[in-house]
Amino acid sequence: MPKYADHDAYIAAAPEFAQPILTKLRALMHKACPGVTESIKWNVPWFEHRGLLMGMASFKNHASFGFWRSKEMDDPHGLFEGERGGSMCTIKFSSVKDMPADRVLIAYFKQAARLNETSKPPAPKKRSKSDLKVPASITNALKASKKAKATWDAFPYSHQLEYIIWINDAKKEETRERRLKQMIEMLEAGKSRNWKYDPRENTGHASNKKSSAKPAKKTTKKAPAKQPAKAGRNKAEAGASSKRSTSRMPQSKP
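In this text, residue positions in the sequence shown follow my numbering: the first is 6, and each later residue adds one.
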């Protein structure tokens with residue numbers, strides 16, 4: 006996965022349909038909160054104003070954004086997706102036409118900014134796995150594999166939640182079935198949903214990748230051919246020439 010230096014780089018690399026959505030969200034955020042700053046966190050664009058404010062991202066079929074403190078916000082237009090008591094709520098769009106009026110989004114952006122200005126975020130509530138609502142589809146799939154079930158039971162709240170969100174986000178039944186199958190395979194391998202991005206789980210993967218690489222072939226350089234000793238040859242030639250020239254000189258008469 007490429008790493009993005011700033012918002013411009015991320016938007017330029019996004020799918021064509023998502024670029025105008027992200028560009029518009031960015032412009033409206035700066036209009037609603039002129040003092041907002043931009044950053045890249047978790048490799049996606051974020052806006053900050055006295056703390057984290059809002060993040061946005063693009064996917065294969067939609068672009069989305071979410072507020073860091075969405076659970077404390079009002080949602081008068083019913084835009085938020087996801088459980089208010091769970092993870093950060095998101096808002097998804099597949100085209101600019103799907104987006105509500107500018108004034109609606111600006112009102113949400115201003116509300117999020119005021120929340121950061123006037124109050125501190127509440128202390129995070131410790132989540133328990135008993136609070137999770139596990140879909141029947143996951144429960145039934147786990148019954149078919151003791152190994153996957155053992156991994157699931159050992160996983161913390163956050164890892165189980167990642168799988169639940171992933172399965173629930175499937176729009177079609179065939180997509181859900183495919184994801185359930187992939188989930189069981191990953192669980193049997195002891196992997197979390199986002200294991201590729203977890204340095205603790207990805208260390209072995211990286212080392213295996215390195216070890217599987219073919220070693221570079223060693224090339225042996227041929228020793229240069231020995232050159233004849235020019236100095237000795239030149240000296241011998243010079244002596245012979247001198248001798249010949251001396252013999253040709255006329256002898257002086259006595």
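In this text, a Cβ means the ideal position worked out from N, Cα and C, and glycines have one as well.
Check, Outcome
"Under the three-state DSSP convention, the category W171 falls into", "helix"
"Delimiting residues of the beta strand (DSSP E) encompassing A19", "Unbroken run through A19: none, as it is neither H nor E."
"Proximity to L33 [Cα-Cα], best of F52, A17, P20, Y15", "F52"
"Segment limits, alpha helix (DSSP H) that includes K151", "151 to 159"
"W200 in three-state terms, based on DSSP", "helix"
"Where the alpha helix (DSSP H) containing S124 begins and where it ends", "Here S124 belongs to no alpha helix (DSSP H), and DSSP marks it neither H nor E."
"Span separating the alpha-carbon of K152 from that of A146", "12 angstroms"
"Rounded straight-line distance, which links the Cα of K186 to that of Y75", "Going by the sequence as given, residue 75 is Ser instead of Tyr. Roughly 32 angstroms between the two C-alpha positions."
"Check whether L27 and A19 have beta carbons under 8 angstroms apart", "yes"
"Residue burial classification, L110 (beta-carbon count within 10 angstroms, cutoff 16)", "buried"
"N-terminal and C-terminal residue of the beta strand (DSSP E) that K46 is part of", "42 to 46"
"Local conformation of A106 per DSSP, three classes", "coil"
"Of the residues T180, G71, H164, the one placed nearest S197, counting alpha carbons only", "H164"
"A62, DSSP secondary structure in three states", "strand"
"Selection from W47, Q24, R55 that minimises the alpha carbon distance to V7", "Checking the displayed sequence, the identity of residue 7 turns out to be Pro instead of Val. Taking only the C-alpha atoms, the option nearest P7 is W47."
"Among M59, K154, F160, the one whose alpha carbon lies nearest that of F70", "M59"
"For L137, three-class secondary structure by DSSP", "coil"
"Beta carbon proximity, P50 to chain C, threshold 8 angstroms", "Annotation note: the requested chain C is absent from the structure, which comprises a single protein chain."
"Cutoff 6 angstroms; reference T42; Cβ partners in own chain excluding five residues on either side", "E53"
"E179: first and last residue of the uninterrupted alpha helix (DSSP H) it sits in", "178 to 193"
"Proximity of M104 and K36 at Cβ, strictly below 8 angstroms", "no"
"Exposed unless 16 or more other CB atoms sit within 10 angstroms - verdict on H12", "buried"
"Start-to-end residues for the beta strand (DSSP E) that takes in P50", "49 to 53"
"Per-residue DSSP class, three states only, for K8", "coil"
"F72 (DSSP reduced to helix, strand or coil)", "strand"
"Nearest-angstrom Cα separation, counted from A117 out to K215", "A caution first: K215 carries a pLDDT of 48, below 50, which makes its placement in the model too unreliable to give a value."
"Among S150, F72, A68, the one whose alpha carbon lies nearest that of K190", "Before going on, a small fix: residue 190 reads as Glu here, not Lys. It is S150."
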